[in-house]
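Chemist: Residue numbers (my numbering), protein chains in the order written: chain A, 116 to 666; chain B, 185 to 282. Here a beta-carbon is modelled for each residue, glycine too, at the ideal position from N, C-alpha and C. The structure presented is a predicted model; accordingly, all values stated were derived computationally and were not measured.
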């Protein structure tokens, strides 16, 4: 795991003290709100419906046990005992006081954390595969490159005032768990014909009011050239991205307007000027970062553990959790354990201070002190011995953290929605809770199989509804909450934007509508088909039929 | 036309507040001063938006309300939520103290 050097430490501490001065000047009246707002936003401080909100960066979704424990401490000391993990692999606190925020940031700095790059029109916190460094299907751990992107992008003077925010996601595995095709830049690691490892560069993906799947502008860029290529891409965006209209300012609009081919030409032209400059990263430098993310000291174990197998046979609850929440690890005898933050009827992504501390302890005990945050709002213990899975599951169960629903219909992404967010037009969380309760029976969920429901409380799409197998968008229709359903979205390597199925539904109707869609799917699916497979085969018509009949 | 009041978030702790008759601020909506016409509402908003108020509150704006013997209730659900707290955490926000 990456550890701060003196430069990182000084940078974060200086930034914290600078913000302390800014807060003092705001509270004394020396700064107006208009002057202060951009400063607080650059430090992750928003003003939401009920109070301030602090968004803390979790770079590439990786936390140590000590860091997660500190997040729990901050939840208890500065907030109301809980936090909310987001689709950006970050955590948000909903009730901090402005005057106390500099102290909260100092407490974060003590564990090498901060709120930089969580707001503003800069390059935001880079996201990646939550199973990085552990996944059996991985080509290479993407986090050394994410860390290099963090260092290149943090306070980059040229890219601090971009036309709009800018999000980069990286996957090191062919099975894309980081939704790279719906980011401003998505990087997909793969190998070229010569067997060298590099990245496909996908540009102009995004959700929000104008969703697009990104376009490939370069099939392969070598590791050494990645950073100059990113710089060239950002330069083209910074120069040609629209600044006249906030809603047309993201790079996706530029790529859509000029086309991927022209975008590629402009980037190549810029890159030709800078590719042999200071951003060319040597193999030796890359090796230093790879060493920072060296695998933990795994024991040499057989892949099969007799005790693990016996426990599954004896305990159906454990077997169900293994079936849904445990994923293959690259190291024989180890597994990846997902910790669901989606208890039936609970609030997606919320964790109490006690739960954060509990998971931190379990990470130290069972997973080399390594924890991940997923963009689907769950946590992961990435390196657990198969022989330890039963004990881990038992301890998670005691903490209310062993819901066996990963990837199932109740593993719902939901943005904070109108319960917290100043931009929202409808509530998301109560709808996710009602759907979760409707489908809460575990056997029923397993029978339905993989089904990703994603709910956003406004068109900004923080809940990723466009890429939900079933997406739900909450709107305000004449003062009433109203929900529009999309079908067929997909955030994976087969990324697709969902299609609106028809007229929307009232708050009272929408859960029945979702159940009708699921029931129809069960009636018409072929053997082995997931919901998304059936949808791709049959399209929207069978679902429209059950939702609207002759309407 | 409907009644209006001025609401904002308090600068130091960010909590929701409502402008009172003496142009101060209360966290109790029932203490809010009601504007019965647009001119009065505009005047209240102007008084809420001065440099002096900028070190007390953030982002003042007008909301529509209904007033009865039971008190003042916003007409929009968003504002109802602001007077109470998250509907999904009824142990938090002003509703927790009711």
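1. Three or more C-beta pairs closer than 8 Å, one from the stretch 366-376 of chain A and one from the stretch 327-337 of chain A: is that the case here?
2. Can you say whether residue 663 of chain A is buried or exposed, counting buried as having 16 or more other CB atoms within 10 angstroms of its CB?
3. Which of helix, strand or coil does DSSP assign to residue 138 of chain A?
4. Quick one: which unbroken alpha helix (DSSP H) runs of 4-plus residues sit fully inside the stretch 148-220 of chain A? Chain order, please.
5. Any contact of the stretch 165-184 of chain A with the stretch 208-227 of chain B, i.e. 3+ C-beta pairs under 8 Å?
6. At a CB-CB cut-off below 7 Å, which residues of chain E make contact with residue 212 of chain B?
7. Can you name, in chain order, every residue of its own chain whose Cβ lies under 6 Å from the Cβ of residue 79 of chain A, other than the five neighbours on each side?
8. Please check the pair residue 180 of chain A and residue 278 of chain A, which I expect to be a contact at CB under 8 Å, by giving their CB distance rounded to whole angstroms.
9. Starting from residue 188 of chain B, trace the beta strand (DSSP E) in both directions and tell me its first and last residue.
10. Taking the beta strand (DSSP E) that residue 202 of chain B belongs to, which residues open and close that run?
11. Skipping 5 residues on each side, what residues in its chain have a beta carbon closer than 8 Å to that of residue 230 of chain A?
12. Are residue 340 of chain A and residue 286 of chain A close, meaning C-beta to C-beta below 7 Å?
13. Closer than 8 Å is the cut-off here; do at least three beta carbon pairs connect the stretch 525-534 of chain A with the stretch 548-567 of chain A?
14. Examine the ligand ATP and report whether any of its heavy atoms sits within less than 6 Å of the Cβ of residue 246 of chain B.
15. Any C-beta of chain A sitting closer than 7 Å to the C-beta of residue 239 of chain B?
16. Whose CA, out of B:213, B:240, B:234 and B:233, lies closest to the CA of residue 279 of chain B?
17. Pick from A:507, A:418 and A:268: whose alpha carbon is nearest that of residue 174 of chain A?
18. For residue 619 of chain A, which residues in chain B fall below 9 Å Cβ to Cβ?
19. So, is the C-beta of residue 166 of chain A closer than 7 Å to a C-beta in chain B?
20. Note down, in chain order, all residues in the stretch 144-175 of chain A with a beta-carbon under 7 Å from any beta-carbon belonging to chain B.
21. With DSSP collapsed to three states, give me the class of residue 255 of chain A.
22. Within its chain, find whatever has a CB closer than 6 Å to the CB of residue 613 of chain A; leave out the 5 residues flanking it on each side and keep chain order.
23. Counting only the same chain and skipping the five closest in sequence on each side, list residues whose C-beta sits under 7 Å from that of residue 275 of chain A.
24. Taking CB distances under 7 Å as the criterion, tell me whether residue 545 of chain A reaches chain B.
25. Measuring only the C-alpha atoms, how far is residue 440 of chain A from residue 589 of chain A?
26. From the DSSP output, read off the bridge partner residues of residue 496 of chain A.
27. Alpha carbon to alpha carbon, how far is residue 432 of chain A from residue 399 of chain A?
28. Under 8 Å: do the stretch 193-204 of chain B and the stretch 637-649 of chain A share three or more Cβ pairs, one atom per stretch?
29. If the cut is a Cβ gap below 8 Å, which residues of chain B does residue 639 of chain A touch?
30. Taking just the CA atoms, how far does residue 192 of chain A sit from residue 467 of chain A?
31. Kindly say whether residue 395 of chain A, judged by its beta-carbon, lies nearer than 7 Å to any beta-carbon of chain B.
32. Short of 6 Å in beta carbon distance, which residues of its chain neighbour residue 551 of chain A, apart from the five on each side in sequence? Order them along the chain.
33. Could you confirm whether any beta carbon from chain A is found closer than 7 Å to the beta carbon of residue 233 of chain B?
34. Show which residues of chain B have a CB atom less than 7 Å away from the CB atom of residue 542 of chain A.
35. Can you tell which of A:463, A:647 and A:338 has the C-alpha that lies nearest to the C-alpha of residue 610 of chain A?
36. Between the stretch 533-545 of chain A and the stretch 478-494 of chain A, can you find at least three pairs of beta-carbon atoms closer than 8 Å?
Modeler: To lay it out plainly:
1. Segment contact: the stretch 366-376 of chain A against the stretch 327-337 of chain A, three or more CB-CB distances shorter than 8 Å; contact assigned.
2. Within the first chain, residue 663 of chain A is the residue found at index 548, counting from 1. Per the 10 Å Cβ criterion, exposed.
3. If you number the first chain from 1, residue 138 of chain A lands on position 23. Residue 138 of chain A: helix per DSSP, three-state reduction.
4. 148-156 and 180-193
5. no
6. Any reference to chain E falls outside this structure, whose protein chains are A and B.
7. Since the first residue of chain A shown is 116 and the last is 666, residue 79 of chain A is not available in this structure.
8. Residue mapping note: residue 180 of chain A aligns to position 65 of the first chain, counting from 1. Residue mapping note: residue 278 of chain A aligns to position 163 of the first chain, counting from 1. Their Cβ separation, rounded to whole angstroms, is 39 Å, which puts residue 180 of chain A and residue 278 of chain A out of contact at 8 Å.
9. Reading the second chain from its first residue, position 4 is the one you call residue 188 of chain B. Start and end: 187-194.
10. Here residue 202 of chain B refers to the residue found at position 18 when the second chain is read from its first residue. That run of the beta strand (DSSP E) goes 200-203.
11. Counting from one through the first chain, the residue named residue 230 of chain A turns up at place 115. So the qualifying residues of the chain are 158, 159, 160, 169, 170, 171, 172, 220 and 223.
12. As a working note, residue 340 of chain A is residue 225 in the first chain. As a working note, residue 286 of chain A is residue 171 in the first chain. The answer is no: Cβ separation not under 7 Å.
13. yes
14. This structure simply doesn't include the ligand ATP, nor any ligand for that matter.
15. Locating residue 239 of chain B in the second chain gives position 55, where the first residue counts as 1. Residue 239 of chain B counts as touching chain A.
16. By one-based count along the second chain, residue 279 of chain B stands at place 95. Among B:213, B:240, B:234 and B:233, the Cα nearest to that of residue 279 of chain B belongs to B:213.
17. Taking the first residue of the first chain as position 1, residue 174 of chain A is located at position 59. That would be A:268, whose Cα lies nearest to the Cα of residue 174 of chain A.
18. By 1-based counting over the first chain, the position of residue 619 of chain A is 504. Simply none; closest approach about 17 Å.
19. As a first step, residue 166 of chain A is located in the first chain; it is residue number 51 there, counting from the start. For residue 166 of chain A, the answer is yes, since a Cβ of chain B falls inside 7 Å of its Cβ.
20. 144, 147, 148, 162, 164, 165, 166 and 167
21. Taking the first chain and counting its residues from 1, one reaches residue 255 of chain A at position 140. Here residue 255 of chain A sits in coil by DSSP.
22. Here residue 613 of chain A corresponds to residue number 498 of the first chain, with the count starting at 1. Closer than 6 Å at the Cβ level, and outside the excluded window around residue 613 of chain A, lie 581, 586, 601, 602, 603 and 604.
23. Mapped onto the first chain, residue 275 of chain A falls at position 160. Within the same chain, residue 275 of chain A has close Cβ partners 237.
24. Along the first chain, read from residue 1 onward, the residue named residue 545 of chain A stands at position 430. Answer yes: the Cβ-Cβ gap between residue 545 of chain A and chain B drops below 7 Å somewhere.
25. The sequence position of residue 440 of chain A within the first chain is 325, counting from 1. The sequence position of residue 589 of chain A within the first chain is 474, counting from 1. If you take the alpha carbons of residue 440 of chain A and residue 589 of chain A, they lie about 29 Å apart.
26. The residue given as residue 496 of chain A occupies position 381 in the first chain. Answer is A:452, bridged to residue 496 of chain A.
27. Looking up residue 432 of chain A in the first chain gives position 317. Looking up residue 399 of chain A in the first chain gives position 284. Rounded to the nearest angstrom, the two C-alpha atoms are 48 Å apart.
28. Because the criterion of three Cβ pairs below 8 Å is not met, the stretch 193-204 of chain B and the stretch 637-649 of chain A do not touch.
29. The residue you call residue 639 of chain A lines up with position 524 of the first chain. Neighbours of residue 639 of chain A on chain B: none; closest Cβ ~34 Å, over 8 Å.
30. Taking the first residue of the first chain as position 1, residue 467 of chain A is located at position 352. Taking the first residue of the first chain as position 1, residue 192 of chain A is located at position 77. Counting only the Cα atoms, residue 192 of chain A lies some 12 Å from residue 467 of chain A.
31. Residue numbering aside, residue 395 of chain A sits at position 280 when the first chain is read from its first letter. Residue 395 of chain A does not count as touching chain B.
32. For the purposes of this step, residue 551 of chain A is taken as residue 436 along the first chain, with counting starting at 1. Hits under 6 Å: 459, 460 and 525.
33. Residue 233 of chain B sits at position 49 when you count from the first residue of the second chain. So no, residue 233 of chain B is outside the interface.
34. Sequence index remark: in the first chain, residue 542 of chain A carries index 427 (1-based). Going along chain B in sequence order, the residues near residue 542 of chain A (Cβ under 7 Å) are 271.
35. Within the first chain, residue 610 of chain A is the residue found at index 495, counting from 1. Nearest of A:463, A:647 and A:338 to residue 610 of chain A, Cα basis: A:647.
36. no
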